[in-house]
Amino acid sequence: MNRENSGYTIIYASVMVIIVALGLAFTHQVLSDRQIANENTDKMQQILRSLNLDVTAADAQTKYGELVKNAYLINNAGEKVEGTEGITPDDPAFSTELGDVEAKGLPVYEAQIDGSTKYVIPMSGAGLWGPIWGYLAIESDGSAIYGAEFGHAGETPGLGAEIETAPFRNQFKGKNLFRENEFTSVAVVKPGQTNNRRDYVDGISGGTITSKGVDNMLLNGVGEYRNFLMNLRTANK
Amino acid sequence: MALSSKTKAVLLGPLNKNNPVIVQVLGICSALAVTSKLEPSIVMAIAVTMVTAFGNVIISLLRKTIPNRIRIIVQLVVVAALVTIVSEVLKAFAYDVNKQLSVFVGLIVTNCILMGRLEAFALGNGPWPSFLDGIGNGLGYGWILVVVGFFRELLGSGTLLGYQVVPQALYDAGYENNGLMMLAPMAILLVACIIWIHRSKNRELQEETN
């Protein structure tokens, strides 16, 4: 057969692409259950890390079930959306992605630790090279931070990527999101600088834009929960 | 099974005198990027070996049917499909390692070793020698990664595969992990050291100086 014939070339390319597409679709179908389970476990590990618990993937599910007692969506006024309660990966709180325009609200997780309730809220924002995200665990007074966790898709190793390390996230413990009843969030400043209007933590040297991204995420992402946090404050006065 | 001297050369050549990384200096990008720990280095070595071996076999089986004008496209599609499968399998069975390797699994597609072997070997040889050639080149790439990953993790983090190996007593005596080891420049210095040792043992590889 003439291999240089245009008809042959076109048919060859088409058949090849169809076979490859079928093969890949099949692989994805077979493996997708395990992949989703892995992603869910990873999310549980992140939530637990925001509660200052570093657990292995094997223990994540049990520990998550033990501590996280409730999860739901809230609306703009900071009130619970009816019928969204539930902590399993299939429930709305766990499966709702931030920034999804069709979402019915913003997810909140309630965890019981040593007899007091901590509220874990997810955050997402932009770093230097790609998305960054995180979880913030807040005390039941709606202001003091109990713990934080940050993740990134592809920040520079050794610089921006340092936001996911323990020394960075541990700085957030005990900082206040409110000052004189005003939502100020927590600022991320250049190491050595200060900020008298807001509580602050040190950013990453050499990771200025990533640190700025975290700062924005804390201000705007957490800001969307302002009414919810206000309600917590009033309830605890 | 006894291997003839020719197949032996095909399989073992890339491990030493024809090594893709330290002699041909291909695949350097990923060799620098993923070797800050031993575990991702090993996984990357296995992934590249699988892709070169099976890519070689598939192209070798198809070599008499591939239209010459689109042969590079055919090679790319085969490699991209294999890489996607590897990435899907990693996501399902080694999620954490997949996160550490991040984009570099996908970038196996652009690894020069792969296209080089497909173009230079698989298009002109049968499936079995092509398979051995793929395994040989994958391992030739892999052992460099593992050696570099070993030293970078040992000296940079004091651990191996995540287990602490540098004793606490040494830290108490004032020893510190070398943070420089975690950065890419140290990887290229380590590769350079390997090349140096390798060439001093194999004088015929040394370039003539004017």
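Going down the list, the sequences are from chains Y and A. Going by the working numbering, the first sequence opens with residue 1, and the numbers climb by one from there. Going by the working numbering, the second sequence opens with residue 1001, and the numbers climb by one from there. Backbone N, C-alpha and C define an ideal beta-carbon position, used for all residues, glycine too.
**Request:** Rounded to whole angstroms, what's the CA-CA distance from F172(Y) to I145(Y)? Just pull it up for me.
**Result:** C-alpha separation (whole angstroms): 7 angstroms.
**Asked** Given that Y12(Y) touches chain A, what residues does it touch there, using C-beta distances under 9 angstroms?
**Response** In chain order: T1065, I1066, P1067, I1070 and V1074.
**Request:** Return the residues of the segment 1134-1155 of chain A that lie within a Cβ-Cβ distance of less than 8 angstroms from chain Y, sorted by chain order.
**Result:** Among the residues of the segment 1134-1155 of chain A, none has a Cβ less than 8 angstroms away from any Cβ of chain Y.
**Request:** Using DSSP bridges, identify the partner residues of Q1164(A).
**Result:** For Q1164(A), the beta-bridge partners assigned by DSSP are T1159(A).
**Message:** Taking only three categories from DSSP, how would you classify R197(Y)?
**Reply:** Under the three-state reduction of DSSP output, R197(Y) falls in the coil class, being neither helix nor strand.
**Asked** For L136(Y), which residues does DSSP report across the bridge?
**Response** Note: L136(Y) is bridge-paired with I121(Y) and A148(Y) in the DSSP secondary-structure output.
**Message:** Can you list, in chain order, the residues of its chain with a C-beta nearer than 6 angstroms to that of Y135(Y)? Leave out the 5 residues immediately preceding and following it.
**Reply:** Excluding positions up to five away in sequence, the list reads Q46, I47, S50, V120, P122 and E149.
**Request:** Would you grab the beta carbon distance between V1010(A) and P1129(A) for me? Rounded to a whole angstrom, and I think it's under 8 angstroms.
**Result:** Between V1010(A) and P1129(A), the beta carbon gap of about 5 angstroms places them in contact (Cβ cut-off 8 angstroms).
**Request:** In the DSSP assignment, find the beta strand (DSSP E) that holds K212(Y) and state where it starts and stops.
**Result:** Per DSSP, K212(Y) is not a residue of any beta strand (DSSP E); the alpha helix (DSSP H) it occupies stretches across T208 to N216.
**Request:** Kindly list, in the order they appear in chain A, the residues whose Cβ is closer than 8 angstroms to that of M16(Y).
**Result:** Chain A residues near M16(Y): V1074 and V1077.
**Request:** Report yes if the CB atom of L1154(A) is closer than 8 angstroms to the CB atom of E1039(A), and no otherwise.
**Result:** No, they are not a contact pair.
**Under 8 angstroms between C-beta atoms of A137(Y) and K118(Y)** = In this structure, K118(Y) lies closer than 8 angstroms to A137(Y) by Cβ.
**Prompt:** What does P107(Y) pair with, by DSSP beta-bridge criteria?
**Reply:** Beta-bridge pairing links P107(Y) to L73(Y).
**Request:** Could you work out which residue in S1030(A), V1023(A) and V1146(A) is closest to V1103(A) when comparing CA atoms only?
**Result:** Ranked by Cα distance from V1103(A), the first of S1030(A), V1023(A) and V1146(A) is S1030(A).
**Request:** For the segment 33-51 of chain Y, enumerate the residues whose C-beta is nearer than 7 angstroms to any C-beta of chain A, in chain order.
**Result:** Taking 7 angstroms as the cut-off between beta carbons, the residues of the segment 33-51 of chain Y near chain A are R34, Q35, N38 and D42, in sequence order.
**Request:** Using three-state DSSP, classify E162(Y) as helix, strand or coil.
**Result:** Residue state for E162(Y) is assigned as helix, using DSSP reduced to three classes.
**Asked** Below 8 angstroms, can you find three or more Cβ-Cβ pairs linking the segment 216-233 of chain Y to the segment 69-83 of chain Y?
**Response** Flag = yes, the segment 216-233 of chain Y and the segment 69-83 of chain Y touch.
**Message:** Taking 8 angstroms as the limit between beta carbons, can you name the residues of its chain near N1098(A), skipping five residues before and five after?
**Reply:** The beta carbon of N1098(A) is closer than 8 angstroms to those of S1087, L1090, K1091 and V1105 in its chain, skipping five residues each way along the sequence.
**Message:** Would I1144(A) and V1051(A) qualify as a contact pair, given that the criterion is a beta-carbon distance under 8 angstroms?
**Reply:** Contact: no.
**Message:** Taking 8 angstroms as the threshold (beta carbon to beta carbon), is E1088(A) in contact with chain Y?
**Reply:** So, interface residue.
**Prompt:** Leaving out the 5 sequence neighbours to the left and right, which residues in its chain are closer than 6 angstroms to F1150(A) when beta-carbon positions are compared?
**Reply:** Result list for F1150(A): L1038, in chain order.
**Prompt:** Per DSSP, what kind of secondary structure is F289(Y) in: helix, strand or coil?
**Reply:** One cannot answer for residue 289(Y) here, as it falls past the ends of chain Y, which runs 1 to 237.
**Asked** Could you check where the alpha helix (DSSP H) with A1120(A) kicks off and where it finishes?
**Response** Counting along the chain, the alpha helix (DSSP H) containing A1120(A) begins and ends at C1112 to A1120.
**Message:** Would S1041(A) and V1191(A) be called neighbours here (beta carbons separated by less than 8 angstroms)?
**Reply:** No; because the gap between Cβ atoms is not below 8 angstroms, this pair is not in contact.
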